[in-house]
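Residues in the sequence shown are numbered from 1296 upward in steps of one, following the working numbering. Comments concern the structure below.
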Amino acid sequence: MLQQTQVDRVLPKYHEWIEKYPTLGALAAAPEDEVSKTWRPLGYNIRPRRLHAIACESVTRYGGELPGDEATLRSFKGIGAYTAGAVLSFAFGQRAAILDTNVARVLFRVFVGKGDPKSHAMRRHLWDVSRTVLAMRHVFDFNQALMDFGATLCTARKPQCPRCPLRAGCASFPFDRS
């Protein structure tokens, strides 16, 4: 729900969603039209249909549980590298890199600083950086902190560089470090 949607818009819908669909089984058993209606007005209306399909497949093939390995997660339509990494990290506590918009911005600014952050080659490079800097332990906390850092301090507009604890080694910090 939080992919490209602000938290204040998600919270009321999240609570409604969890109340209606507390398990993958409950989601799978619900009519698809009802699932889509519950999702509104979050946008990206393909997502509730994909979530419903994932729930149905999880019930049918995996006993109502979401699989805890990347290959199987990525086999579900609608689950890409970021979502698989987020599920593995946040739901299963596994060491898995993530790269959402906020994380990509932080990693680009801190470790790269030049080039087109949205090019395919740069995205591949940023995935490599994300895997490289990933903590060995407490991955949930590390990934959450990285996302929050990008959302609150290293923002797209008006980043708080003077307050940033990473500014001394940041490739994008605007001063001459020589």
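For each residue, glycine too, the CB sits at the ideal point set by N, CA and C.
- Item | Exposed unless 16 or more other CB atoms sit within 10 angstroms - verdict on residue 1404 | Counting Cβ neighbours within 10 Å, residue 1404 comes out buried, since at least 16 surround it.
- Task: If I'm right that residue 1425 touches residue 1392 with Cβ under 8 Å, what's the distance once you round it to whole angstroms?
- Result: Residue 1392 and residue 1425 do touch by the CB rule: their CB atoms are close to 4 Å apart, below 8 Å.
- Between the CA atoms of residue 1356 and residue 1330 - distance to the nearest angstrom: Their Cα atoms are separated by approximately 21 Å.
- Message: I believe residue 1337 touches residue 1308 by the beta-carbon criterion, under 8 Å. Please report the beta-carbon distance rounded to the nearest angstrom.
- Response: Confirmed, about 6 Å.
- Message: Less than 7 Å between CB atoms is the rule here; does residue 1464 satisfy it with respect to chain D?
- Response: Of the protein chains in the structure, only one exists, and it is not chain D.
- Of the listed residues 1344, 1302, 1445, nearest to residue 1257 (C-alpha basis): With the chain covering 1296 to 1473 only, the question about residue 1257 has no answer from this structure.
- So what does DSSP say about residue 1372, is it helix, strand or coil? If DSSP states are grouped into helix, strand and coil, residue 1372 belongs with coil.
- Query: Pick from 1411, 1397, 1436: whose alpha carbon is nearest that of residue 1388?
  - Reply: For the residues 1411, 1397, 1436, the minimum Cα distance to residue 1388 belongs to 1436.
- residue 1455 vs residue 1448 beta-carbon contact at 7 Å: Yes, the Cβ-Cβ distance between residue 1455 and residue 1448 is below 7 Å.
- Is it the case that the Cβ atoms of residue 1319 and residue 1350 are separated by a distance below 7 Å? Contact flag set, yes.
- Going by alpha carbons, who is nearest to residue 1395 out of 1431, 1443, 1371? Comparing C-alpha distances from residue 1395 to each of 1431, 1443, 1371 shows the shortest one belongs to 1443.
- Task: Quick one: grab the DSSP three-state call for residue 1364.
- Result: Three-state result, residue 1364: coil.
- Message: With a threshold of 6 Å on Cβ separation, who are the neighbours of residue 1397 within its own chain once the five nearest residues in sequence on each side are excluded?
- Response: Around residue 1397: 1442, 1445, 1446.
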